[in-house]
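K.L.:
The listed protein sequences correspond, in order, to chains A and B.
Numbers in the working numbering are just positions in the first sequence, counted from 1, shifted up by 43.
Numbers in the working numbering are just positions in the second sequence, counted from 1, shifted up by 218.
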Amino acid sequence: MNRNTKLTGIAVLIVVILGGWYLAKGEPADTGPIKIGFIGPLTGDAASIGESTRNAVVMAIDEVNAEGGRQYEVIYEDGKCAGPASASAAQKLIHVDKVEFIIGGICSGETLGAAPIAEAAGVVLLSPVSSSPDITNAGDFVFRVFASDATSGSKMAETTWKRGHKNVAVISEQTDYSQALRKVFEERFKELGGTIVISEGYPSSAKDFRSQLAKIKATNPDAIYLVPQTPASGEVLLAQVKESGITTPLFSNELVTTESFLTSGVSEGILFAEVNFDKESPEASMFLKKFAGRFGDINANTPPVYVASTYDAVHLLTDLIEEHGTNPKRVRDALYKVSDRPGAAGPLLIDENGDAVREYVLKQIQGGEIVPITN
Amino acid sequence: MDIVPQLIVNSVIAGSLYALVAMSFNLVFGATRFFNLAHGSLAAVGGYTAFFIGDSLGASLPAAMLGGVIVAAIVGYGFEFLVFRPLRRRKASNLVLLVASLGALTALEAVIAILFTSQFRTLSFLAGTTGIVHIGTGVMTHVQVGILAAAVLVLIGSWLLLSRTSFGRAVRAVSDDEEVAKIVGINTDKIIAVVFIIGSAVAGLAGVLAGLDTGIEPRMGFSLLLKGVIAAIVGGIGSVYGGFLGAFLLGFAENFGIWYISGEWKDAIAFAILILFLLFRPQGILGKKR
Chain A
44 MNRNTKLTGI AVLIVVILGG WYLAKGEPAD TGPIKIGFIG PLTGDAASIG ESTRNAVVMA
104 IDEVNAEGGR QYEVIYEDGK CAGPASASAA QKLIHVDKVE FIIGGICSGE TLGAAPIAEA
164 AGVVLLSPVS SSPDITNAGD FVFRVFASDA TSGSKMAETT WKRGHKNVAV ISEQTDYSQA
224 LRKVFEERFK ELGGTIVISE GYPSSAKDFR SQLAKIKATN PDAIYLVPQT PASGEVLLAQ
284 VKESGITTPL FSNELVTTES FLTSGVSEGI LFAEVNFDKE SPEASMFLKK FAGRFGDINA
344 NTPPVYVAST YDAVHLLTDL IEEHGTNPKR VRDALYKVSD RPGAAGPLLI DENGDAVREY
404 VLKQIQGGEI VPITN
Chain B
219 MDIVPQLIVN SVIAGSLYAL VAMSFNLVFG ATRFFNLAHG SLAAVGGYTA FFIGDSLGAS
279 LPAAMLGGVI VAAIVGYGFE FLVFRPLRRR KASNLVLLVA SLGALTALEA VIAILFTSQF
339 RTLSFLAGTT GIVHIGTGVM THVQVGILAA AVLVLIGSWL LLSRTSFGRA VRAVSDDEEV
399 AKIVGINTDK IIAVVFIIGS AVAGLAGVLA GLDTGIEPRM GFSLLLKGVI AAIVGGIGSV
459 YGGFLGAFLL GFAENFGIWY ISGEWKDAIA FAILILFLLF RPQGILGKKR
């Protein structure tokens, strides 16, 4: 072979040897920072929720790191509130960044997208707020500190029925979370003997619900069950419900507690079931004060219980890693045993499916305030 | 049958908003012959400027609207001057211009998100308490009547401009054939610049009105643009009157289409119409076969 080929060959050989040596050496395993991944909707229509939950993670990690000991480093990825982006985020976190623990997803679609990948890789996936019933069986390494909608959906159906409404119209967003909640509600309501007179759906980016609301009005329902997820379209939906002159009793989910809905009055009179979030509890008020001090008030599009829950999730994970080490299997086993653990979002119990068990209470928006109802 | 007046009203409201976007898009397309995707983001610029003026400076509705329209016009002209004209000078193909406009759209939306956060906001604080108008059994808010009025005014204004002024004649000439227009001595760059300013101003107006009716968020421009483009193609690409016609056709098709089908199919109906037209009559209803 000629001289050029020989030189190229030697250069390639050197690069390969250097590369192999570097890879074999790897990162210093025992004293480097512990890497945790985060998957949440950092862009898109649900970005306001992604922003606040991300801030909760930042605050929690800073607190943990300030205590000294091994430091934590969080790698934030954008799940875009949907399966595909979340799946590739999980791929990147697990196979490129080599994380073994992920806080996420925020949206149920994100969690469901990342779950199979985390499960196959033996990586702990801990969702702070996803509530789709499908997550219950999504995997041995898949956990959440929030409860399944199977509870809240059934409770809403039972409440609606008990109040004497027999014919209900439903309008829901076309996302994993909303559709799962809608299905649970419709099944339970039909079980009780009720009729779903019409069930409309809308994409997350919709801003014009007027014709669908006209159709709903024309069926003359006793009550309307609204299942929004994205704050932007949810707020427009509720505003247009009022604009179209609908006076039928309205039932919905905890999204109606977001600040901007309360100030603009669009959620007035709506009944919903919410995870029992006691803002006055010592843990909650301390958290809310600290959060407000650092990031300002929780943005008007995010229910505060989401942010508190995310904060709790991070502390839960880091506490378990402190206690049981960085092996995901040991942390997983410890997660199943969590019981009566205090937190900003309330005391936490995790059941045998990796779901949190939380109490749902009925509330109504009256005069811009969230008022608890006793059936 | 009670539902029909409301469906008509809804169709008219949707059609008016689409019309503003479609007419301005067609105006610009007519003169420049490329798909300017950045046109959508100018609606967001209009909406956010109005929000800023109303919220931070405490101004009234007319001032906020005017501000939104003017800033949108300036930004639109900025795109033409900084991005499209240099590319045209280098004889860039329409595909290159389209990709550049997509870049401009994405960049502008990102800037808006950085400056104002992605939080959804409404401009209704500017409008105050609005009243309702009853049309048969249908209801329409005053803001929505305003959108309809704006669409009609822009249509009339465009007709006056295009058919009754020498400037309008020049625009029609450039729209017909840019090279020949240059040869007969028309300053095509100046004409195109003014067209961009007018088109962007109308897009900004659409954004302000959409903000008053539903609300603003950084990515609002893209969905408005998609519907506006469908309307523009259906009515006749390059024709301002076609834009108006196509927009109302689209509005009616969408809202009456979901009368018996579930509302989830609304966008599917819009895009199905687009595909049908592209297959069988790509020049649109009022367009000329090129």
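Note that CB positions come from ideal geometry on N, CA and C, so glycine has one too.
The structure presented is a predicted model; accordingly, all values stated were derived computationally and were not measured.
Could you give the uninterrupted runs of the beta strand (DSSP E) lying entirely in the region 135-177 of chain A, keeping only those of 3 residues or more?
P.N.:
Qualifying beta strand (DSSP E) stretches, in chain order: 144-147, 167-170.
K.L.:
Can a CB atom of chain A be found closer than 8 Å to the CB of B:Glu-482?
P.N.:
The residue labelled residue 482 of chain B in the question sits at position 264 within the second sequence. By this cut-off, B:Glu-482 is an interface position.
K.L.:
Take every Cβ of the region 342-350 of chain A, pair it with every Cβ of the region 302-321 of chain A, and state whether three or more of those distances are shorter than 8 Å.
P.N.:
Enough Cβ pairs lie closer than 8 Å, so yes.
K.L.:
In angstroms, rounded to a whole number, what distance separates the CA positions of A:Lys-258 and A:Glu-286?
P.N.:
On the first sequence, position 215 is the one that residue 258 of chain A refers to. On the first sequence, position 243 is the one that residue 286 of chain A refers to. C-alpha separation (whole angstroms): 15 Å.
K.L.:
Under 9 Å Cβ-Cβ, which residues of chain B neighbour A:Arg-253?
P.N.:
Here residue 253 of chain A is taken as the residue at index 210 of the first sequence, counted from 1. Residues of chain B passing the Cβ test: Gln-224, Leu-225, Val-227, Asn-228, Ile-231, Ala-232, Asn-473.
K.L.:
Taking 8 Å as the threshold (beta carbon to beta carbon), is B:Val-357 in contact with chain A?
P.N.:
Within the second sequence, the letter at position 139 stands for residue 357 of chain B. So, interface residue.
K.L.:
Give a yes or no on whether 8 Å exceeds the smallest Cβ distance from A:Gly-244 to chain B.
P.N.:
Start at 1 with the first residue of the first sequence, and residue 244 of chain A comes out as number 201. Chain B, which has a Cβ nearer than 8 Å to the Cβ of A:Gly-244, makes this yes.
K.L.:
Are there 16 or more other CB atoms within 10 angstroms of the CB of A:Asn-370, so buried, or fewer, so exposed?
P.N.:
In the first sequence, the residue the question calls residue 370 of chain A occupies position 327. A:Asn-370 is exposed by the Cβ-count criterion.
K.L.:
From the DSSP output, in three-state form, read off B:Met-219 for me.
P.N.:
Position 1 of the second sequence, counted from the start, is the residue given in the question as residue 219 of chain B. Residue state, collapsed to three classes: coil.
K.L.:
Using 8 Å as the limit for Cβ to Cβ distance, is A:Lys-258 near chain B?
P.N.:
As a working note, residue 258 of chain A is residue 215 in the first sequence. Yes, A:Lys-258 counts as interfacial toward chain B.
K.L.:
Give the single residue among B:Ala-399, B:Ala-318, B:Ile-416, B:Lys-506 whose Cα lies nearest to the Cα of B:Pro-455.
P.N.:
Translated into the one-based positions of the second sequence, residue 455 of chain B becomes position 237. Note on residue identity: the sequence assigns Ile, not Pro, to residue 455 of chain B. Answer by Cα proximity: B:Lys-506.
K.L.:
Here's the rule: buried if 16 or more other CB atoms are within 10 angstroms of the residue's CB, otherwise exposed. What is B:Asp-431?
P.N.:
For the purposes of this step, residue 431 of chain B is taken as the residue at position 213 of the second sequence. Buried, by the Cβ-count rule.
K.L.:
Closest Cβ-Cβ distance between B:Gly-433 and chain A: below 8 Å?
P.N.:
Within the second sequence, the letter at position 215 stands for residue 433 of chain B. Chain A, which has a Cβ nearer than 8 Å to the Cβ of B:Gly-433, makes this yes.
K.L.:
Mark B:Met-241 as exposed unless 16 or more other C-beta atoms lie within 10 angstroms of its C-beta, in which case mark it buried.
P.N.:
Residue 241 of chain B sits at position 23 when you count from the first residue of the second sequence. Per the 10 Å Cβ criterion, buried.
K.L.:
May I ask you to report which of helix, strand or coil DSSP gives A:Lys-406?
P.N.:
Locating residue 406 of chain A in the first sequence gives position 363, counting from the first residue. It is a strand residue.
K.L.:
Per DSSP, what kind of secondary structure is A:Glu-317 in: helix, strand or coil?
P.N.:
Position 274 of the first sequence, counted from the first residue, corresponds to residue 317 of chain A. Looking at A:Glu-317 - three-state DSSP - the assignment turns out to be strand.
K.L.:
If the criterion is Cβ atoms closer than 8 Å, does the pair A:Leu-168 and A:Gly-196 meet it?
P.N.:
As a first step, residue 168 of chain A is located in the first sequence; it is residue number 125 there, counting from the start. As a first step, residue 196 of chain A is located in the first sequence; it is residue number 153 there, counting from the start. Against a cut-off of 8 Å, the Cβ pair of A:Gly-196 and A:Leu-168 comes out as no contact.
K.L.:
Could you check whether B:Leu-279 and B:Ala-368 sit closer than 8 Å to each other, using their CB atoms as the reference points?
P.N.:
If you number the second sequence from 1, residue 368 of chain B lands on position 150. If you number the second sequence from 1, residue 279 of chain B lands on position 61. No, these two residues do not count as a Cβ contact at 8 Å.
K.L.:
With DSSP collapsed to three states, give me the class of A:Thr-417.
P.N.:
Within the first sequence, residue 417 of chain A is the residue found at index 374, counting from 1. Here A:Thr-417 sits in coil by DSSP.
K.L.:
Evaluate A:Asp-219 with the Cβ neighbour count: other Cβ atoms within 10 Å of its Cβ, from every protein chain shown; 16 or more gives buried, anything less gives exposed.
P.N.:
Here residue 219 of chain A refers to the residue found at position 176 of the first sequence. Classification for A:Asp-219: buried.
K.L.:
Tell me where the beta strand (DSSP E) around B:Leu-379 begins and ends.
P.N.:
Taking the first residue of the second sequence as position 1, residue 379 of chain B is located at position 161. Careful: B:Leu-379 lies outside any beta strand (DSSP E), inside the alpha helix (DSSP H) at 360-382.
K.L.:
On a CA-only basis, which of A:Asp-183, A:Asp-88, A:Tyr-119 is nearest A:Asn-396? Give me that one, please.
P.N.:
Mapped onto the first sequence, residue 396 of chain A falls at position 353. Ranking A:Asp-183, A:Asp-88, A:Tyr-119 by Cα distance to A:Asn-396 puts A:Asp-183 first.
K.L.:
For A:Asn-342, would you say it is in contact with chain B, using Cβ-to-Cβ distances shorter than 8 Å as the test?
P.N.:
For the purposes of this step, residue 342 of chain A is taken as residue 299 along the first sequence, with counting starting at 1. For A:Asn-342, the answer is yes, since a Cβ of chain B falls inside 8 Å of its Cβ.
K.L.:
Count the other CB atoms within 10 Å of the CB of A:Met-329; is the residue buried (16 or more) or exposed (fewer)?
P.N.:
Here residue 329 of chain A corresponds to residue number 286 of the first sequence, with the count starting at 1. Classification for A:Met-329: exposed.
K.L.:
Relative to chain B, which residues along the region 208-234 of chain A have a C-beta separation below 9 Å, given in chain order?
P.N.:
Per Cβ criterion, the list reads Ile-214, Gln-217.
K.L.:
State the Cα-Cα distance for the pair A:Glu-323 and A:Val-348, rounded to the nearest angstrom.
P.N.:
Translated into positions along the first sequence, residue 323 of chain A becomes position 280. Translated into positions along the first sequence, residue 348 of chain A becomes position 305. Roughly 12 Å separates the two Cα atoms.
K.L.:
Interface residues of chain B around A:Ala-90 at Cβ under 7 Å?
P.N.:
Along the first sequence, read from residue 1 onward, the residue named residue 90 of chain A stands at position 47. Those are Ser-336, listed as they occur along chain B.
K.L.:
What does the Cβ neighbour count give for B:Ile-401, buried or exposed, with the cut at 16 atoms within 10 Å?
P.N.:
As a working mapping, residue 401 of chain B is identified with position 183 in the second sequence. That one is exposed.
K.L.:
Going along chain A, which residues have a C-beta under 7 Å from B:Asp-220?
P.N.:
Numbered from its first residue, the second sequence carries residue 220 of chain B at position 2. Ordered by position in chain A, the residues that pass the 7 Å Cβ test against B:Asp-220 are Ala-261.
K.L.:
Tell me, please, whether the CB atom of A:Gly-411 is closer than 8 Å to any CB atom in chain B?
P.N.:
Working through the first sequence from its first residue, we reach residue 411 of chain A at position 368. No, because no Cβ of chain B sits closer than 8 Å to the Cβ of A:Gly-411.
K.L.:
Interface residues of chain A around B:Ile-476 at Cβ under 9 Å?
P.N.:
Locating residue 476 of chain B in the second sequence gives position 258, counting from the first residue. What B:Ile-476 touches in chain A: Glu-243, Ser-254, Gln-255, Lys-258.
K.L.:
Determine the burial state of A:Asp-376: buried for a count of at least 16 other Cβ atoms within 10 Å of its Cβ, exposed for fewer.
P.N.:
Start at 1 with the first residue of the first sequence, and residue 376 of chain A comes out as number 333. With fewer than 16 Cβ atoms within 10 Å of its Cβ, A:Asp-376 is classed as exposed.
K.L.:
With 16 other CB atoms within 10 Å as the buried threshold, where does B:Tyr-236 fall?
P.N.:
Taking the second sequence and counting its residues from 1, one reaches residue 236 of chain B at position 18. Under this definition B:Tyr-236 is a buried residue.
K.L.:
For B:Thr-340, go through chain A and note every residue whose CB falls closer than 9 Å to its CB, in chain order.
P.N.:
The count along the second sequence starts at 1 and reaches residue 340 of chain B at position 122. Here the neighbours are Glu-278, Val-279, Ala-282, Ser-303, Ser-307.
K.L.:
A:Tyr-354: which of A:Ser-174, A:Ser-242, A:Phe-189, A:Ile-289 sits nearest, CA to CA?
P.N.:
The residue given as residue 354 of chain A occupies position 311 in the first sequence. With distances taken between Cα atoms, A:Tyr-354 lies closest to A:Phe-189.
K.L.:
Using only alpha-carbon positions, find the residue among B:Lys-408, B:Gln-501, B:Ala-486, B:Leu-333 that is nearest to B:Ile-451.
P.N.:
Indexing the second sequence from 1 puts residue 451 of chain B at position 233. Closest option to B:Ile-451, Cα to Cα, is B:Gln-501.
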